[in-house]
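Trainee:
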Amino acid sequence: MASRLFSSYLLLFLLIGCSVNEDKIDYESEFQSIVMEFENSSILNFDQDQLSDLGFVEDFINKLDKQKTTFLQEDIEAFINTKVDTSPKNYWTLKNAVDLYYQRYKESLNDRRRILNTHVFNFEKDEFIELKSREQYFKDEKAKNNYQRKIIKNELINSMLSGNDLKEAKSELKKIYTDRISSISKIREADRFTLLAN
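Start counting the sequence shown at 0; every next residue gets the next number (numbering that gives the first Met the number 0).
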């Protein structure tokens with residue numbers, strides 16, 4: 000019963016949030032309001048002090064990038080080294096993590112388009128790529144780009160195995176990457192806040 004009531008309030012909050020003019024919303028206050036509701040809830044075992052724990056920030060970042068294919072190790076170190084001794088400051092740490100996630104993801108798609116347009120793929124060379132979640136984040140851009148190149152090569156091979164020639168496969172991937180970049184550009188601040196709040 001209490002869980003259902005809580006879910007109803009959360010849904011109402013999200014619907015109201017989506018219908019309000021975005022420019023007038025103070026997301027930091029909204030975040031603090033959600034945190035207080037969680038803390039005051041009798042059905043949730045939630046302590047606001049958890050938000051100031053570095054482990055919380057690290058877990059949040061790991062949930063954003065579960066496969067460890069978007070952030071660089073230096074990004075993670077910067078977030079972990081950010082002192083989060085107060086909840087409002089932690090809101091900004093988490094918000095910056097979400098913003099950087101989208102920025103890095105868009106950069107990855109742009110890098111994939113660039114690699115697709117400029118790299119000469121050697122389909123005779125045996126390479127492999129682990130498609131399961133990686134153990135660690137990329138140490139630098141070079142390592143990330145090499146991984147991106149292998150992803151593209153794998154996608155091209157899959158497309159060609161489906162009957163496309165190389166030109167058609169490249170054209171198909173270019174469209175996919177362009178559509179994804181367009182979708183990212185349309186993400187509103189309210190959508191980013193929803194990701195952060197969830």
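No residue lacks a Cβ here, since even glycine has one placed at the ideal position from N, Cα and C.
(1) Considering only the beta carbon of each residue, do Arg112 and Ile186 sit closer than 9 Å?
(2) Thinking just about the alpha-carbon of each residue, which of Leu172, Phe59, Tyr136, Asn116 is nearest to the one in Asn153?
(3) So, with DSSP's three-state summary, where would you put Asp78?
(4) In whole angstroms, what is the alpha-carbon distance linking Arg103 and Ile175?
(5) Exposed or buried, Lys143, counting other C-beta atoms within 10 Å across all chains shown (16 or more means buried)?
(6) Rounded to a whole number of angstroms, what is the C-alpha to C-alpha distance between His118 and Lys105?
(7) So what's Phe120 in DSSP terms, helix, strand or just coil?
(8) Just curious, the alpha helix (DSSP H) that Arg148 is in, first and last residue?
(9) Measure the Cβ-Cβ separation of Tyr146 and Gln72 and say whether it is below 9 Å.
(10) Distance check for Asn80 and Ala168, CA to CA, integer angstroms please.
(11) Would you mind sorting Phe127 into buried or exposed? The rule is 16 or more other CB atoms within 10 Å of its CB.
Mentor: Taking the definition as stated:
(1) No, the pair does not count as a contact, with Cβ atoms beyond the cut-off.
(2) Leu172
(3) Residue identity differs from the one stated: residue 78 is Phe in this sequence, not Asp. Here Phe78 sits in helix by DSSP.
(4) Looking at the backbone, the Cα of Arg103 and that of Ile175 are separated by about 17 Å.
(5) By the neighbour-count rule (16 or more Cβ atoms within 10 Å), Lys143 is buried.
(6) 19 Å
(7) Here DSSP, grouped into helix, strand and coil, assigns Phe120 to coil.
(8) 140-160
(9) no
(10) 43 Å
(11) exposed
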